[in-house]
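Under the numbering used here, the first residue of the sequence shown carries the number 17, and numbering increases by one thereafter.
For every residue, glycine included, the Cβ atom is placed at its ideal position computed from N, Cα and C.
It should be emphasised that the depicted structure is a prediction, and the values quoted were computed from it without experimental measurement.
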Amino acid sequence: MAEKKSVLLRMSPELWQALNQWAEQEFRSLNGQIEYLLTQAVKNRQKKKEQDK
Numbered sequence: 017m018a019e020k021k022s023v024l025l026r027m028s029p030e031l032w033q034a035l036n037q038w039a040e041q042e043f044r045s046l047n048g049q050i051e052y053l054l055t056q057a058v059k060n061r062q063k064k065k066e067q068d069k
């Protein structure tokens, strides 16, 4: 697997709290939760693009 890239992400305290709680519920770190959600969003977008063809 290729080395992961680092990204600085700024967010509101409210969003941070909501994501952090969600991550805890799913037994992930906050970083892991954000990566999971972004991965799912990309997969969903790719599926939609394929369906629109």
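Beta-carbon spacing of residue i, residue j below 8 Å
i: Trp38; j: Gln56; result: no
i: Tyr52; j: Arg61; result: no
Own chain partners of residue i with C-beta closer than 7 Å, once the 5 adjacent residues on each side are dropped
i: Leu35; result: Leu46, Gln49 and Ile50
i: Lys15; result: With the chain covering only 17 through 69, there is no way to say anything about residue 15.
Chain-order list of residues whose beta-carbon lies under 8 Å from that of residue i (same chain, five-residue window excluded)
i: Trp32; result: Leu46
i: Val156; result: Nothing about residue 156 can be read from this structure; the chain reaches only from 17 to 69.
Bounding residues of the alpha helix (DSSP H) (the contiguous stretch that carries residue i)
i: Leu53; result: Leu46 to Gln67
i: Ala34; result: Pro29 to Gln41
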